[in-house]
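Enquirer: In this note's numbering, the protein residues as written are 87 to 304.
Next up is a structure, given as structure tokens.
In structure tokens:
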């Protein structure tokens, strides 16, 4: 895929930074299935002028909140330090999240699907389950790569989306939260998710649950 504008957030301990890269003509990243071999086939020494600003990727609690003024087709990458991964990611419904691997860490690649303000929230956590090692060993396993995306992506910003009902069945709620139906039943039984008398789930209650990342399991 050719890219004209690419923002890269490097989550490097003690040296986190943001790169703002513009290409004319567009460039294509060097990658294989599930793996980023190198970002672009360019001389990085000549691109220092493209580094427009620097800032931490996440706050002290590991929470990521990124807001950018982007256009359709722009790309945002979040490259994490080793032994860490993203979870509880919320992006716009039109945007596309993909997971790649560098030599030592996860690389989250988001393609912007609509113009205007772009926003992502999430949390950086330690990879206690060894997902990176499993991912590296199964780069050609498309279902597993999709599973990793679903683990990171808890939901989309659906405000005003007429295709998302305001009251949902258990199956619809599970799809909305990107979890299994059995997980929804457990959350309802424990009181973490509210249900109506008809055992349905209001979207506002699901959104309230999604806004509580500290209580979410990996």
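Positions of the beta carbon are idealized from the N, C-alpha and C atoms, including for glycine.
The model shown is predicted, which means the values in this text are computed figures rather than measured ones.
(1) Considering only C-alpha positions, which residue in the set 125, 277, 290 and 284 is nearest to residue 195?
(2) Quick one: complete beta strand (DSSP E) runs, 3+ long, within the region 232-285?
(3) Mark residue 203 as exposed unless 16 or more other C-beta atoms lie within 10 angstroms of its C-beta, in which case mark it buried.
(4) For the pair the region 222-233 and the region 259-279, tell me if three or more CB-CB distances fall below 8 Å.
(5) Taking DSSP as the reference, what is the three-state secondary structure of residue 190?
(6) Alpha helix (DSSP H) containing residue 181: first to last residue?
(7) Going straight from the alpha carbon of residue 175 to that of residue 260, what length do you get?
(8) So, for residue 222: in the same chain, excluding its five sequence neighbours on each side, which residues have a beta-carbon less than 7 Å away from its beta-carbon?
(9) Within its chain, find whatever has a CB closer than 6 Å to the CB of residue 165; leave out the 5 residues flanking it on each side and keep chain order.
(10) Just to confirm my understanding: we take residue 91, look at its own chain, exclude 5 residues before and 5 after, and list those with CB closer than 6 Å. What are they?
(11) If you check the beta carbons only, do residue 172 and residue 150 fall under 9 Å apart?
(12) Assuming residue 289 and residue 254 form a contact by the criterion Cβ under 8 Å, report the distance between their Cβ atoms to the nearest whole angstrom.
Expert: Let me lay it out:
(1) 125
(2) 239-243
(3) exposed
(4) no
(5) coil
(6) Taken as a continuous stretch (DSSP letters only), residue 181 belongs to no alpha helix (DSSP H), as it is neither H nor E.
(7) 16 Å
(8) 187
(9) 96 and 193
(10) 108 and 160
(11) yes
(12) 7 Å
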